[in-house]
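Chemist: Sharing a structure, written as structure tokens. Questions coming.
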Amino acid sequence: MMRLFNWFRRGSLERSLDRELQYHFDRRVADLTAAGLPASEARRLVAVELGLAQVREEVRDVWLTQWLRDFFYDLRFSARSFLRSPGFTAATLLSLALGIGATTAIYSLVDQVILHALPVRDPARLVLVDWNGDDLITGGIGSFNLMPYPICRALEQQTRIFDGVLCRAEIQVNLTTGRDAKPVAAEIVSGSYFPVLGVGPALGRVIAPEDDGAPGAGAVVVLSYDFWQAQFGGAADIVGRKVLIGNHPMTVVGVAAAGFRGVDVGAVPAFWIPTSMYADANLDTNEDLLKNPVRWLQILARLRPDVTPAQAQARLQPWFKAWLQDSMLRPGFPMITADRRRDYLASTLQVTSAPQGHSPLRRSLSQPLWLLFAATGVLLGLACLNVAGLFLARGSARGREIGTRLALGASRGRIGRQLLADSLLLAVAGGVLGATVAPLAIRGLIAFLPHELAANALRGTLNFRLLAFAFFASIAAGLLSGLAPALRAGGDSLVNSLRERGGSGFGGV
414 MMRLFNWFRR GSLERSLDRE LQYHFDRRVA DLTAAGLPAS EARRLVAVEL GLAQVREEVR
474 DVWLTQWLRD FFYDLRFSAR SFLRSPGFTA ATLLSLALGI GATTAIYSLV DQVILHALPV
534 RDPARLVLVD WNGDDLITGG IGSFNLMPYP ICRALEQQTR IFDGVLCRAE IQVNLTTGRD
594 AKPVAAEIVS GSYFPVLGVG PALGRVIAPE DDGAPGAGAV VVLSYDFWQA QFGGAADIVG
654 RKVLIGNHPM TVVGVAAAGF RGVDVGAVPA FWIPTSMYAD ANLDTNEDLL KNPVRWLQIL
714 ARLRPDVTPA QAQARLQPWF KAWLQDSMLR PGFPMITADR RRDYLASTLQ VTSAPQGHSP
774 LRRSLSQPLW LLFAATGVLL GLACLNVAGL FLARGSARGR EIGTRLALGA SRGRIGRQLL
834 ADSLLLAVAG GVLGATVAPL AIRGLIAFLP HELAANALRG TLNFRLLAFA FFASIAAGLL
894 SGLAPALRAG GDSLVNSLRE RGGSGFGGV
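When we follow the working numbering, the leftmost residue of the sequence shown carries the number 414, and every step to the right adds one.
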């Protein structure tokens with residue numbers, strides 16, 4: 414690392430070295446002239462004796478390894494060479510920019526939908542708890558992994574398995590601010606939602622367990638950061654304001670941290686309200702969903718550090734079987750046949766790792782996105798082959814130059830490294846150009862998705878992960894593009910390299 418740092422301060426080091434060598438040179442010349450030698454003869458002898466040029470090279474090798482110094486020199490040589498060949502440079506830059514830009518754009522969607530972990534505390538310990546079995550009895554009203562609210566509260570007692578349990582449900586509510594009323598996407602969450610995720614407020618406070626008590630008692634709302642900016646202009650006095658949600662007045666108690674947009678990539682809420690306010694916020698339901706075993710919530714939990722998802726799943730089964738048997742004794746449980754009873758009691762809980770949260774969008778888009786990513790990878794590979802062909806043609810045109818360098822003592826490996834530096838420089842430049850236009854491509858891809866997903870869930874902007882991906886894709890493209898020309902340069906003989914151009918001038922020697 415110090416040697417790499419020395420490259421950027423080599424001017425200062427060179428001046429210091431010159432002063433040091435000049436001091437020793439002058440001292441030795443003074444000694445010889447004092448002994449009676451003429452000044453000119455003394456300087457000649459000292460120059461031979463000290464070998465200043467060799468000393469300089471040895472000291473430079475201590476500052477910076479030879480290969481790295483050669484690499485930077487190669488990059489400077491390549492840059493000057495490309496400036497003299499604008500047509501070749503433009504063609505290769507365009508090919509690489511298209512390949513890298515397209516691959517980066519698709520990777521952006523892959524990262525957002527599939528790979529990116531939630532911006533919460535220790536997301537690797539989050540798990541999704543699913544009901545695996547008969548759901549007709551309990552009246553499931555959504556996707557396969559919805560759960561009854563009573564199970565969520567009961568799981569909170571499993572403190573030997575979980576450090577915390579939360580539940581959440583998506584909901585459409587009417588929001589009235591001033592004279593305007595409009596439907597917005599919101600989330601019903603348990604009081605443990607924010608504490609379990611470890612998400613704090615950007616302003617005010619978040620929903621706490623005490624807000625999620627008796628039905629209708631927690632008339633509070635926490636706005637998402639984006640909604641606060643878009644709907645209220647980032648008003649600093651938002652905390653304490655009253656808003657009308659489903660004809661029920663609620664108090665804004667805070668704004669969630671910037672960057673937190675829920676746990677579902679495809680459903681970004683405008684705000685969060687406690688589960689105790691479900692009936693007040695949603696005027697379309699007459700069911701007491703907080704007591705009945707209707708499956709309408711998703712349950713996520715934070716595992717204890719010493720528990721794995723498989724261990725948690727195994728430990729929960731006896732408790733869940735007892736819960737199923739107890740639920741059949743409760744008032745309102747439907748009459749069922751013996752077969753249905755057996756199927757119901759055979760239901761199990763499934764615990765799966767969920768560092769990226771839960772997302773139906775991920776399930777529907779994962780395969781198409783991976784296929785698109787593979788296709789753009791093939792496109793980038795074809796671009797590299799095209800650039801490699803251009804470099805091979807350029808290498809043939811530079812045959813005499815390469816032959817001359819070989820004749821002057823350059824090794825074939827040295828020539829190959831020069832050609833690799835050529836391809837790496839153009840690939841990185843193409844990557845910069847591709848990353849610059851990638852946001853436009855990302856927004857174009859998002860435009861093809863359903864508006865409710867594209868508008869809320871995905872972003873067409875660059876971030877550190879995308880820039881890092883574009884950089885490594887550029888390096889890989891540079892190595893692939895320059896490998897064939899470098900190998901060819903290493904295999905050409907000196908005679909063939911010189912003959913390639915010499916034949917035209919001497920009648921074909």
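Beta carbons are placed, not taken as given, at the ideal position from N, Cα and C, and that holds for glycine.
Taking 8 Å as the threshold, find out whether the stretch 731-740 comes into contact with the stretch 511-522 through three or more Cβ pairs.
Modeler: no
Chemist: Considering only their Cβ atoms, is the gap separating L762 from F733 smaller than 8 Å?
Modeler: Position 320 of the sequence shown, counted from the start, is the residue given in the question as residue 733. Position 349 of the sequence shown, counted from the start, is the residue given in the question as residue 762. In this structure, F733 lies near L762, with their beta-carbon atoms less than 8 Å apart.
Chemist: Determine the burial state of G672: buried for a count of at least 16 other Cβ atoms within 10 Å of its Cβ, exposed for fewer.
Modeler: By one-based count along the sequence shown, residue 672 stands at place 259. With fewer than 16 Cβ atoms within 10 Å of its Cβ, G672 is classed as exposed.
Chemist: For L614 and A714, I'd like the C-alpha separation in whole angstroms.
Modeler: For the purposes of this step, residue 614 is identified with residue 201 of the sequence shown, where counting begins at 1. For the purposes of this step, residue 714 is identified with residue 301 of the sequence shown, where counting begins at 1. Before going on, a small fix: residue 614 reads as Pro here, not Leu. In this structure, the straight-line span from the alpha carbon of P614 to that of A714 is close to 21 Å.
Chemist: Can you tell me which residues form a DSSP beta bridge with Q642?
Modeler: For the purposes of this step, residue 642 is identified with residue 229 of the sequence shown, where counting begins at 1. DSSP output for Q642 lists no bridge partner at all.
Chemist: If you run the structure through DSSP and keep just helix, strand and coil, what is E569?
Modeler: Numbered from 1 along the sequence shown, position 156 holds the residue referred to as residue 569. In the structure shown, E569 sits in coil (DSSP, three-state: anything other than H, G, I, E or B).
Chemist: Can you have a look at P747 and say buried or exposed, based on whether 16 or more other CB atoms are within 10 angstroms of its CB?
Modeler: Mapped onto the sequence shown, residue 747 falls at position 334. Under this definition P747 is an exposed residue.
Chemist: Measure the alpha-carbon distance for G679 versus F607 and round it to whole angstroms.
Modeler: The residue you call residue 679 lines up with position 266 of the sequence shown. The residue you call residue 607 lines up with position 194 of the sequence shown. Distance between the alpha carbons of G679 and F607: 19 Å.
Chemist: Measure the alpha-carbon distance for L616 versus N799 and round it to whole angstroms.
Modeler: The sequence position of residue 616 within the sequence shown is 203, counting from 1. The sequence position of residue 799 within the sequence shown is 386, counting from 1. Going by the C-alpha atoms only, they are around 54 Å apart.
Chemist: Could you tell me if S777 is buried or exposed, where buried requires 16 or more neighbouring beta carbons within 10 angstroms of its beta carbon?
Modeler: Here residue 777 is taken as the residue at index 364 of the sequence shown, counted from 1. With fewer than 16 other Cβ atoms within 10 Å, it is exposed.
Chemist: Looking at the secondary structure, which residues open and close the alpha helix (DSSP H) in which A694 lies?
Modeler: Here residue 694 refers to the residue found at position 281 when the sequence shown is read from its first residue. Looking at the DSSP string, the run of the alpha helix (DSSP H) that includes A694 is Y691 to A694.
Chemist: Considering Cα atoms alone, identify which of T849, N545 and L539 is closest to L879.
Modeler: Locating residue 879 in the sequence shown gives position 466, where the first residue counts as 1. Closest by alpha carbon: T849.
Chemist: What residue from Y691, R432, H661 and A806 has the CA that sits closest to D625's CA?
Modeler: Taking the first residue of the sequence shown as position 1, residue 625 is located at position 212. Among Y691, R432, H661 and A806, the Cα nearest to that of D625 is on Y691.
Chemist: Are the CB atoms of V602 and G577 nearer to each other than 8 Å?
Modeler: For this step, residue 602 is matched to residue 189 along the sequence shown. For this step, residue 577 is matched to residue 164 along the sequence shown. No, they are not a contact pair.
Chemist: Counting pairs of beta carbons, one from the stretch 562-570 and one from the stretch 636-644, are three or more of them closer than 8 Å?
Modeler: no
Chemist: I need the boundaries of the beta strand (DSSP E) containing K595, first residue and last residue.
Modeler: In the sequence shown, residue 595 corresponds to position 182, counting from 1. Residues D593 to V602.
Chemist: From I584 to P536, what does the alpha carbon distance come to, in whole angstroms?
Modeler: Residue mapping note: residue 584 aligns to position 171 of the sequence shown, counting from 1. Residue mapping note: residue 536 aligns to position 123 of the sequence shown, counting from 1. One C-alpha to the other measures close to 24 Å.
Chemist: Across which residues does DSSP place A714 in a beta bridge pair?
Modeler: Position 301 of the sequence shown, counted from the start, is the residue given in the question as residue 714. Answer is V540 and V578.
Chemist: Do you know offhand how far G555's Cα is from G591's?
Modeler: For the purposes of this step, residue 555 is identified with residue 142 of the sequence shown, where counting begins at 1. For the purposes of this step, residue 591 is identified with residue 178 of the sequence shown, where counting begins at 1. Note on G555: pLDDT 42, under 50, position unreliable in the model; no value is reported.
Chemist: Considering L511, what are the terminal residues of the beta strand (DSSP E) in which it resides?
Modeler: By 1-based counting over the sequence shown, the position of residue 511 is 98. No beta strand (DSSP E) holds L511; the alpha helix (DSSP H) holding it covers P499 to V523.
Chemist: Buried or exposed: where does A448 fall if 16 or more other Cβ atoms within 10 Å of its Cβ makes it buried?
Modeler: Here residue 448 corresponds to residue number 35 of the sequence shown, with the count starting at 1. Result: exposed.
Chemist: Tell me which residue opens and which closes the beta strand (DSSP E) that S766 is part of.
Modeler: Start at 1 with the first residue of the sequence shown, and residue 766 comes out as number 353. Following the DSSP letters along the chain, one finds S766 inside the beta strand (DSSP E) bounded by residues T761 to S766.
Chemist: For the stretch 517-527 and the stretch 653-665, state whether three or more C-beta atom pairs, one from each stretch, are separated by less than 8 Å.
Modeler: no
Chemist: Tell me the rounded alpha-carbon separation between I564 and V540.
Modeler: Here the question's residue 564 lines up with position 151 in the sequence shown. Here the question's residue 540 lines up with position 127 in the sequence shown. Straight-line Cα distance between these residues: approximately 15 Å.
Chemist: Since F884 and G844 should fall inside the 8 Å C-beta cutoff, what is the C-beta to C-beta distance between them, to a whole number of angstroms?
Modeler: Taking the first residue of the sequence shown as position 1, residue 884 is located at position 471. Taking the first residue of the sequence shown as position 1, residue 844 is located at position 431. Between G844 and F884 the Cβ distance is about 6 Å, and since that is below 8 Å, they are a contact.
Chemist: With a CB to CB cut of under 6 Å and the five nearest residues on each side skipped, what residues in its chain are close to I712?
Modeler: As a working mapping, residue 712 is identified with position 299 in the sequence shown. Taken in chain order, the residues that qualify are V542, M560, C565 and C580.
Chemist: Buried or exposed, going by whether 16 or more other CB atoms sit within 10 Å of the CB of L496?
Modeler: Reading the sequence shown from its first residue, position 83 is the one you call residue 496. It counts as exposed.
Chemist: Would you check if the distance between the CB atom of L636 and the CB atom of V665 is smaller than 8 Å?
Modeler: Residue 636 sits at position 223 when you count from the first residue of the sequence shown. Residue 665 sits at position 252 when you count from the first residue of the sequence shown. Pairing L636 with V665 gives a Cβ-Cβ distance under 8 Å.
Chemist: Using the C-alpha atoms, what's the distance from L782 back to L588?
Modeler: Translated into positions along the sequence shown, residue 588 becomes position 175. Translated into positions along the sequence shown, residue 782 becomes position 369. Taking the straight line joining both Cα atoms gives about 35 Å.
Chemist: Identify which residue in V459, P451, S453 and L531 has its Cα closest to the Cα of Y436.
Modeler: Along the sequence shown, read from residue 1 onward, the residue named residue 436 stands at position 23. The shortest C-alpha separation from Y436 is found at V459.
Chemist: Please report the Cβ distance between L893 and C797, rounded to the nearest whole angstrom; I am assuming they are in contact, meaning their Cβ atoms lie under 8 Å.
Modeler: Along the sequence shown, one-based indexing puts residue 893 at 480. Along the sequence shown, one-based indexing puts residue 797 at 384. The Cβ separation is near 4 Å, so the contact holds.
Chemist: Compute the Euclidean distance between the alpha carbons of A840 and T505, then round it to the nearest angstrom.
Modeler: Walking along the sequence shown from the start, residue 840 turns up at place 427. Walking along the sequence shown from the start, residue 505 turns up at place 92. Using only the alpha carbons, I get a separation of about 8 Å.
Chemist: Give the DSSP-derived three-state secondary structure of N545 in the structure shown.
Modeler: Within the sequence shown, residue 545 is the residue found at index 132, counting from 1. Three-state result, N545: strand.
Chemist: Hey, could you find the ends of the beta strand (DSSP E) G657 is sitting in?
Modeler: The count along the sequence shown starts at 1 and reaches residue 657 at position 244. The question names Gly, but residue 657 in the sequence shown is Leu. Following the DSSP letters along the chain, one finds L657 inside the beta strand (DSSP E) bounded by residues K655 to I658.
Chemist: Less than 8 Å separating the beta-carbons of V634 and I686?
Modeler: For this step, residue 634 is matched to residue 221 along the sequence shown. For this step, residue 686 is matched to residue 273 along the sequence shown. For V634 and I686, yes; Cβs fall inside 8 Å.
Chemist: Secondary structure at I620, three-state DSSP: helix, strand or coil?
Modeler: The residue you call residue 620 lines up with position 207 of the sequence shown. Residue state, collapsed to three classes: coil.
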